[in-house]
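Just add 1179 to wherever you are in the sequence shown, counting from 1, and you've got this note's numbering. Note that beta-carbon positions come from the ideal geometry of N, C-alpha and C, so glycine has one too. As the structure is a computational prediction, the values presented were derived from the model and not from experiment. Shown next, in structure tokens, is the structure this report addresses.
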Amino acid sequence: MPTTARPTFTRAALTGLIAVVVALGVGHLVSGLLLLPSSSPFLAVGNAFIDRTPAPVKDFAIRTFGTNDKLALLVGMTVALILIGVVIGLLARRSVIPGLIAVAALGIVGILAVREQSSGALGLLSPVAALVAGVGVFWVLHRLARPRSDAGDDVDGGGVGRRGFVVGALAASVGAAAAGAGGLVLTRRIDVTASRRAVGELVPETPAPPIPAGAAFPESGTPPFLTPIADFYRIDVNLAVPQLRAEDATLRITGLVNEPLELTFDDIRSMPLVEKTITMTCVSNEVGGPYVSTTNFIGVPLLALLERAGIADGAQQLVGHSVDGFTIGTPLDMLRAAGDEAMLAIGMDRRALPPEHGFPMRTVVPGLYGYVSATKWLTELELATYDVIPYWVERGWDGQPPGVVPIKISSRIDAPKSFQQVPGGDVTIAGTAWAQGRGISRVEVRIDKGDWQPAELATEVNPFTWRMFRLTTSLPSGQHTVACRAVDGSGVMQVEERLRLINPGPVPDGSTGWHSIVFTVE
Ligand SMILES: Nc1nc2c(c(=O)[nH]1)N[C@H]1C(S)=C(S)[C@@H](COP(=O)(O)O)O[C@H]1N2
Ligand SMILES: [Mo]
1180 MPTTARPTFT
1190 RAALTGLIAV
1200 VVALGVGHLV
1210 SGLLLLPSSS
1220 PFLAVGNAFI
1230 DRTPAPVKDF
1240 AIRTFGTNDK
1250 LALLVGMTVA
1260 LILIGVVIGL
1270 LARRSVIPGL
1280 IAVAALGIVG
1290 ILAVREQSSG
1300 ALGLLSPVAA
1310 LVAGVGVFWV
1320 LHRLARPRSD
1330 AGDDVDGGGV
1340 GRRGFVVGAL
1350 AASVGAAAAG
1360 AGGLVLTRRI
1370 DVTASRRAVG
1380 ELVPETPAPP
1390 IPAGAAFPES
1400 GTPPFLTPIA
1410 DFYRIDVNLA
1420 VPQLRAEDAT
1430 LRITGLVNEP
1440 LELTFDDIRS
1450 MPLVEKTITM
1460 TCVSNEVGGP
1470 YVSTTNFIGV
1480 PLLALLERAG
1490 IADGAQQLVG
1500 HSVDGFTIGT
1510 PLDMLRAAGD
1520 EAMLAIGMDR
1530 RALPPEHGFP
1540 MRTVVPGLYG
1550 YVSATKWLTE
1560 LELATYDVIP
1570 YWVERGWDGQ
1580 PPGVVPIKIS
1590 SRIDAPKSFQ
1600 QVPGGDVTIA
1610 GTAWAQGRGI
1620 SRVEVRIDKG
1630 DWQPAELATE
1640 VNPFTWRMFR
1650 LTTSLPSGQH
1660 TVACRAVDGS
1670 GVMQVEERLR
1680 LINPGPVPDG
1690 STGWHSIVFT
1700 VE
């Protein structure tokens, strides 16, 4: 009686859904037991997805969700997996076979993602365990879900009756939740917070000069000169922050060098440390966007370190490798141009780097966008020719001559905010400008159709940092449009032409255009 042997719609859907959830939970648990968080199939599939997202879409996600882009992806993946689970369950109402095949296929996707995202064969145990658990749970629940008539002559299935499915489904769900939670607890075990705390205060031998009082106009609406660490923009391709303990970290200097070098975190920490005030920017920052922040980085000069290994003839770029295999390439001539300013950084604000910003070590080359200079969770510095293609260059962004450009001159109005209503009387227009390496020598503001007027500039800290500006004027009530434009230290004017990153086409070396906003005076 094939019709009576069919599970109900709800039971079929739940069977697929629970099997998928159990698989993910078990995969996460095993990744925790192995102390290999990156082998969790859920995270690996997410990271594999990020790697395949075309740059414009990634850019859209960053712009739309900001630093919550990762949360948005995790939520989206969860919804998609729920739907996939339900569909798998419904596919298997007539026979268990298509369901088993579909769960196994999903498991194989997990295995492939982990193989790509996590190094070493051991990590494959996580998705394999997930596959086995998913298939097993699907098979058992599917049996329990069928009406009794079909299981009547079955020894173990026969006695469970109607409640068998409910009990089985509940047990599996609780098991999945416990496994997932167990995985979270175990991955916490290798959490780097303790390692980071143990680094303690970092004291530079050469401190950065103190920030003068007039370096920012927060009272007029600019950001503070030094960005609070919690507000420092974060951009990377990692769903889960890579966990690398300082005591396990080594930095290898390899490739076209006279003598490869290997240094521990402690080796670097015990070198004379220098501190520098640097403004970092992301190439994905749109006109008026937030991906620019300033901090006191602490570390050692990068070129001097490379010279200890000896840069061999023929080297064209420095390729930074991350613990997860991510790569960034910096043209050697641009690195040399940055001279002593380029750093191997181990701290911000006199504390070890926060995990999100690359703990325990990263590179920072002021004057260059992050994607060509600022490798986080750094494990290796490889001197190479341009035959080595770094992550973003492979995905269509500029990374090799003549493509690598220094950070473009940019300026942004911070106050008033777009569409803000401000009280009548004097109105202060305030903002931020940057052209790292060249500095800012002038910022002009235009109100409505008026002339460009020079704005008051904040005290310059150094040419590698941003510079705040403001202009106070009285305006009649009503709607106004203000625009700003900056001139760099060598007298070059910020480009007027508005080039967004995805429209009309990708601009693989940074947006341009004058920022303008509309606001209302009451
Ligand atoms: N390992 C790793 N390093 C990375 C990235 C990344 O995705 N992975 N992103 C780069 C980009 S695009 C930028 S703009 C900077 C951002 O650094 P922050 O997150 O500390 O601000 O890190 C760079 N270093
Ligand atoms: Mo970036």
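Opposite residue i in the DSSP bridges: which residues?
i: S1653; result: D1605
i: D1667; result: I1619
i: F1643; result: The partner list for F1643 (beta bridge, DSSP) is empty, contrary to what the question assumes.
i: G1268; result: None; G1268 has no bridge partner.
i: M1527; result: F1476, R1530
i: W1613; result: S1589
i: V1371; result: None, per the DSSP bridge assignment.
i: R1541; result: A1524
Where does residue i sit, in a helix, a strand or coil, going by DSSP?
i: V1502; result: coil
i: F1228; result: helix
i: S1352; result: helix
i: Q1296; result: helix
i: A1662; result: strand
i: V1307; result: helix
i: G1362; result: helix
i: L1514; result: helix
i: S1463; result: coil
i: F1396; result: coil
i: A1419; result: coil
i: G1692; result: coil
i: D1410; result: helix
i: V1205; result: helix
i: V1522; result: The residue you asked about is not Val; residue 1522 is Met in the sequence shown. Residue state, collapsed to three classes: strand.
i: L1557; result: strand
i: T1433; result: strand
i: M1450; result: coil
i: L1678; result: strand
i: R1376; result: helix
i: R1325; result: coil
i: R1342; result: helix
Which word fits residue i, buried or exposed, when buried means at least 16 other C-beta atoms lie within 10 angstroms of its C-beta?
i: K1128; result: In the structure displayed, the chain extends from 1180 to 1701; residue 1128 sits before or after that span and is not available.
i: D1410; result: exposed
i: M1647; result: buried
i: I1197; result: buried
i: N1464; result: buried
i: V1606; result: buried
i: F1698; result: buried
i: V1624; result: buried
i: T1474; result: buried
i: A1612; result: buried
i: R1375; result: buried
i: A1451; result: Reading the sequence as shown, one finds Pro at residue 1451 and not Ala. Flag for P1451 reads exposed.
i: R1487; result: exposed
i: N1247; result: exposed
i: L1481; result: buried
i: E1384; result: exposed
i: E1441; result: exposed
i: V1236; result: exposed
i: G1670; result: exposed
i: R1515; result: exposed
i: T1366; result: buried
i: T1187; result: exposed
i: S1210; result: buried
i: V1364; result: exposed
i: D1667; result: buried
Anyone know if the C-beta pair for residue i and residue j falls short of 7 angstroms?
i: L1511; j: A1494; result: yes
i: E1520; j: P1545; result: yes
i: S1314; j: A1283; result: Here the sequence assigns Val to residue 1314, which means Ser is not the residue at that position. Their beta carbons are under 7 angstroms apart, which means V1314 touches A1283 by this criterion.
i: S1399; j: R1649; result: yes
i: L1269; j: A1191; result: yes
i: G1286; j: M1256; result: no
i: E1438; j: H1500; result: no
i: I1592; j: Q1673; result: no
i: A1281; j: I1290; result: no
i: V1420; j: P1534; result: yes
i: V1700; j: G1629; result: no
i: A1358; j: V1205; result: yes
i: G1195; j: V1265; result: yes
i: M1522; j: G1478; result: yes
Query raised in the report: Should the segment 1371 to 1382 be regarded as contacting the segment 1617 to 1628, the criterion being three or more beta carbon pairs within less than 8 angstroms?
Result: No, the segment 1371 to 1382 does not touch the segment 1617 to 1628.
Query raised in the report: How about the segment 1655 to 1673 and the segment 1557 to 1568: do they share at least three Cβ pairs that are nearer than 8 angstroms?
Result: Touching, no.
Report task. Tell me, please, whether the segment 1418 to 1429 touches the segment 1532 to 1540 by the rule of three or more beta-carbon pairs shorter than 8 angstroms. Result -> Counting Cβ pairs under 8 angstroms, three or more are found: they touch.
Query - Inter-stretch contact (C-beta, 8 angstroms, three-pair minimum) for the segment 1287 to 1297 and the segment 1215 to 1222 - result: Taking 8 angstroms as the limit for Cβ pairs, the verdict is that the segment 1215 to 1222 does touch the segment 1287 to 1297.
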